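Structure first, then comments.
There are 2 protein chains.
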Amino acid sequence: MATGTFDLIHPGHGYYLKESKKLGEDEGRLVVVVARESTVQARKRVPIVPEKQRLEVVQMLKVVDEAVLGSETDMFSTVQEIKPDIITIGPDQNFDLDWLRQELEKRGLEAEVVKINDYHESSLDSSCKIIKKIREAEFPPGSFKHC
Amino acid sequence: MATGTFDLIHPGHGYYLKESKKLGEDEGRLVVVVARESTVQARKRVPIVPEKQRLEVVQMLKVVDEAVLGSETDMFSTVQEIKPDIITIGPDQNFDLDWLRQELEKRGLEAEVVKINDYHESSLDSSCKIIKKIREAEFPPGSFKHC
Numbered sequence: 000m001a002t003g004t005f006d007l008i009h010p011g012h013g014y015y016l017k018e019s020k021k022l023g024e025d026e027g028r029l030v031v032v033v034a035r036e037s038t039v040q041a042r043k044r045v046p047i048v049p050e051k052q053r054l055e056v057v058q059m060l061k062v063v064d065e066a067v068l069g070s071e072t073d074m075f076s077t078v079q080e081i082k083p084d085i086i087t088i089g090p091d092q093n094f095d096l097d098w099l100r101q102e103l104e105k106r107g108l109e110a111e112v113v114k115i116n117d118y119h120e121s122s123l124d125s126s127c128k129i130i131k132k133i134r135e136a137e138f139p140p141g142s143f144k145h146c
Numbered sequence: 000m001a002t003g004t005f006d007l008i009h010p011g012h013g014y015y016l017k018e019s020k021k022l023g024e025d026e027g028r029l030v031v032v033v034a035r036e037s038t039v040q041a042r043k044r045v046p047i048v049p050e051k052q053r054l055e056v057v058q059m060l061k062v063v064d065e066a067v068l069g070s071e072t073d074m075f076s077t078v079q080e081i082k083p084d085i086i087t088i089g090p091d092q093n094f095d096l097d098w099l100r101q102e103l104e105k106r107g108l109e110a111e112v113v114k115i116n117d118y119h120e121s122s123l124d125s126s127c128k129i130i131k132k133i134r135e136a137e138f139p140p141g142s143f144k145h146c
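Protein chains in written order, with numbering that gives the first Met the number 0: chain A, 0 to 146; chain B, 0 to 146.
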């Protein structure tokens, strides 16, 4: 089980998901939990892309066997439904792993928690960088008239 | 063979590629030609995402069997290399189909040209709309400090 916002898809997402899938070995299925608008808003910033569309794009990825929207109120209810053997935490996700492991144990959930630390380097390797570039770019007048 | 810029991936891309793949029936392979920076620049606007990264993201999509960067000088040289049975034109690509068919014939290329007209509706169903939304959104100060 991997999780994330997946606001604007970039190769860093692909790398994180591929590494997650590898941990499941040959028979492994990768289930991706896409964060809800409300939970992202509370943690970092309003995503540009609505949750339904973020889910659809994640479902388009080769490496993804199944993708679902997360819970708006309790992240552990999603874990309870999926019952993953492994939960991977992405390079830019700053969960406290010890806290997470304790909370899982409290609930009788036996998932192993693995931090994916490596990062695939590409020039725009975060949604944040892509947004920043768009904010700073200059476009000729009328560039967005037709859309 | 499908083509496009694929600047910021959205479900409309997925729909166009899926429809393209269907035309190839069971044994069909979908090869996607990703437009070079220089050719996009001449036609519409500078893409936000560099061509290498756009290629990598297209390669991450389930429906894509192979993806390559296009030619910077002659689009027909790419067709000559790929030798597709069918070339699909996306809903937002305004090629003159008759001209295209004539040019293919002139070069002895027997690809059938099919326009994909349907469009998958989602709220941000073009790179243009995504960029526009980002340009118009308000972000709290310091939103991009960490990236």
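Backbone N, C-alpha and C fix where the C-beta goes; we use that ideal spot for every residue, glycine too. None of these values were measured; they are calculated from a predicted model.
Which bits of chain B does E55/A rub up against, with CB to CB less than 9 Å?
-> The count along the first sequence starts at 1 and reaches residue 55/A at position 56. Ordered by position in chain B, the residues that pass the 9 Å Cβ test against E55/A are H9, P10, G13, H119 and S121.
Within chain A, the residues that K20/B reaches when beta carbons sit closer than 8 Å | As a first step, residue 20/B is located in the second sequence; it is residue number 21 there, counting from the start. Those within 8 Å of K20/B in chain A number zero; the least Cβ separation is about 12 Å.
If you drop the 5 nearest sequence neighbours on each side, which residues of the same chain put their C-beta closer than 7 Å to that of K20/A?
-> The count along the first sequence starts at 1 and reaches residue 20/A at position 21. Excluding residues within five positions, the ones whose Cβ falls inside 7 Å are G27, L29 and V62.
Do you know whose CA, among E102/A, E71/A and D97/A, lies nearest V39/A's CA?
-> Numbered from its first residue, the first sequence carries residue 39/A at position 40. Answer by Cα proximity: E71/A.
Compute the distance between the beta-carbons of V78/B and L96/B, then report whether it is under 8 Å.
-> Stepping through the second sequence from its first residue, residue 78/B is reached at position 79. Stepping through the second sequence from its first residue, residue 96/B is reached at position 97. Contact: no.
What whole-angstrom Cβ distance do A110/A and I86/A have, given they're in contact under 8 Å?
-> For this step, residue 110/A is matched to residue 111 along the first sequence. For this step, residue 86/A is matched to residue 87 along the first sequence. Their Cβ separation, rounded to whole angstroms, is 5 Å, which keeps A110/A and I86/A in contact under 8 Å.
Own chain residues within Cβ distance below 6 Å of D64/A, not counting five before or after | The residue labelled residue 64/A in the question sits at position 65 within the first sequence. Result list for D64/A: R28 and L29, in chain order.
Do V32/A and T2/A have their CB atoms nearer than 8 Å?
-> Reading the first sequence from its first residue, position 33 is the one you call residue 32/A. Reading the first sequence from its first residue, position 3 is the one you call residue 2/A. In this structure, T2/A lies closer than 8 Å to V32/A by Cβ.
State yes or no: is the C-beta of M0/A within less than 8 Å of the C-beta of I81/A?
-> Residue 0/A sits at position 1 when you count from the first residue of the first sequence. Residue 81/A sits at position 82 when you count from the first residue of the first sequence. Against a cut-off of 8 Å, the Cβ pair of I81/A and M0/A comes out as a contact.
Terminal residues of the alpha helix (DSSP H) in which K131/B lies = Stepping through the second sequence from its first residue, residue 131/B is reached at position 132. Where K131/B is concerned, the enclosing alpha helix (DSSP H) stretches over S126 to E135.
Taking 8 Å as the threshold, find out whether the stretch 7 to 17 of chain B comes into contact with the stretch 90 to 105 of chain A through three or more Cβ pairs.
-> no
So which residues on chain B does L29/A lean against when the C-beta distance must stay under 9 Å?
-> Your numbering for residue 29/A matches position 30 in the first sequence. Within 9 Å Cβ-Cβ: nothing; L29/A doesn't reach chain B, min ~12 Å.
Of all Cβ atoms in chain B, is any one closer than 8 Å to the Cβ of P49/A?
-> By 1-based counting over the first sequence, the position of residue 49/A is 50. By this cut-off, P49/A is an interface position.
Go ahead and pull the three-state DSSP assignment for K82/B.
-> Translated into the one-based positions of the second sequence, residue 82/B becomes position 83. Coil.
Measuring CA to CA, which of V45/A, P90/A, Q58/A and S125/A is closest to H9/B?
-> By one-based count along the second sequence, residue 9/B stands at place 10. Answer by Cα proximity: Q58/A.
CA-CA distance, E135/B and L54/B?
-> If you number the second sequence from 1, residue 135/B lands on position 136. If you number the second sequence from 1, residue 54/B lands on position 55. Their Cα atoms are separated by approximately 28 Å.
With a Cβ-Cβ cutoff of 8 Å, do E125/A and D84/A count as a contact?
-> Within the first sequence, numbered from 1, the residue matching residue 125/A stands at position 126. Within the first sequence, numbered from 1, the residue matching residue 84/A stands at position 85. One detail in the question is off: residue 125/A reads as Ser in this sequence, not Glu. Cβ atoms of S125/A and D84/A: not closer than 8 Å.
Does M0/A have its Cβ less than 8 Å from a Cβ in chain B?
-> Working through the first sequence from its first residue, we reach residue 0/A at position 1. No, M0/A lies away from the interface with chain B (no Cβ there is under 8 Å from its Cβ).
F5/A to C146/B span [Cα, whole Å] | Sequence index remark: in the first sequence, residue 5/A carries index 6 (1-based). Sequence index remark: in the second sequence, residue 146/B carries index 147 (1-based). When rounded, the distance between both Cα atoms is 15 Å.
Quick one: measure Cβ to Cβ for I88/A and K114/A, integer angstroms, because I've assumed they're closer than 8 Å.
-> Your numbering for residue 88/A matches position 89 in the first sequence. Your numbering for residue 114/A matches position 115 in the first sequence. Rounded, the Cβ-Cβ distance is 5 Å, consistent with contact.
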